[in-house]
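Everything below concerns the one structure shown next.
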Amino acid sequence: CLVWGKPTAPPRSAGTKPSLPPRIKAVTGELGCVTPYIVVPWDYEPEELEYAAKMLASSLTHNSSHNCLALEVLVTCKSWPQREQFLEAMRKALDDAPPRTAWYTGSKEKYNNFT
Numbered sequence: 667c668l669v670w671g672k673p674t675a676p677p678r679s680a681g682t683k684p685s686l687p688p689r690i691k692a693v694t695g696e697l698g699c700v701t702p703y704i705v706v707p708w709d710y711e712p713e714e715l716e717y718a719a720k721m722l723a724s725s726l727t728h729n730s731s732h733n734c735l736a737l738e739v740l741v742t743c744k745s746w747p748q749r750e751q752f753l754e755a756m757r758k759a760l761d762d763a764p765p766r767t768a769w770y771t772g773s774k775e776k777y778n779n780f781t
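Each position in the sequence shown, counted from 1, maps to that position plus 666 in the numbering used here.
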């Protein structure tokens, strides 16, 4: 929501035209998010854990992670007996994933500045 005007200005009555802001200028921005993926504890078969890990890893690596649905936060139950097995499957899936090219505008510069 963009609000302008003096805080002491009287409220507009119904039917009156809205005033224009002092300046009109185009503003753009990317609305990203931190997407959590939640793994529900269960007694999974090893193949199910591996499959889930591959799917979550692909969510993270798809499009070099340049999309709003990319996995950003992985939520697991700390006391889940298969947690470490699942996390190891995730690590393997990420290690096995081919490198992606960072194509998003400014990605290379941001990476170089960060590292």
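The beta-carbon is built from N, C-alpha and C at its ideal position, and this holds for glycine as well. Owing to the predicted nature of the structure, the values given are computational and were not obtained by experimental measurement.
Nearest-angstrom Cα separation, counted from residue j out to residue i
i	j	result
Glu711	Gly772	42 Å
Asp762	Met756	10 Å
Gln751	Glu738	20 Å
Trp708	Thr727	25 Å
Ala736	Asn729	9 Å
Lys720	Trp746	19 Å
Glu754	Glu716	9 Å
Glu713	Val706	16 Å
Thr781	Tyr770	17 Å
Lys758	Tyr777	24 Å
Leu740	Pro764	21 Å
Beta carbon of residue i nearer than 8 Å to that of residue j
i	j	result
Lys760	Ala723	Note on identity: in this sequence residue 760 is Leu, with Lys being the wrong assignment. For Leu760 and Ala723, yes; Cβs fall inside 8 Å.
Ser731	Tyr703	no
Integer-rounded CB distance, given that residue j should sit under 8 Å from residue i
i	j	result
Thr646	Cys734	Outside the modelled stretch of the chain, which goes from 667 to 781, sits residue 646, for which no answer is possible.
Span of the alpha helix (DSSP H) around residue i
i	result
Glu716	Pro712 to Thr727
Tyr770	Where Tyr770 is concerned, there is no enclosing alpha helix (DSSP H), given that its DSSP letter is neither H nor E.
Leu753	Arg749 to Asp762
Cβ neighbours of residue i in the same chain (closer than 7 Å, five flanking residues each side left out)
i	result
Cys699	Cys734
Arg749	Thr742 and Cys743
Lys774	Ala768
Asn779	none
Bounding residues of the beta strand (DSSP E) (the contiguous stretch that carries residue i)
i	result
Thr701	Thr701 to Ile704
Leu737	Leu737 to Val741
Closer than 8 Å to chain B by CB, residue i
i	result
Thr767	The displayed structure is made up of one protein chain only, and chain B is not part of it.
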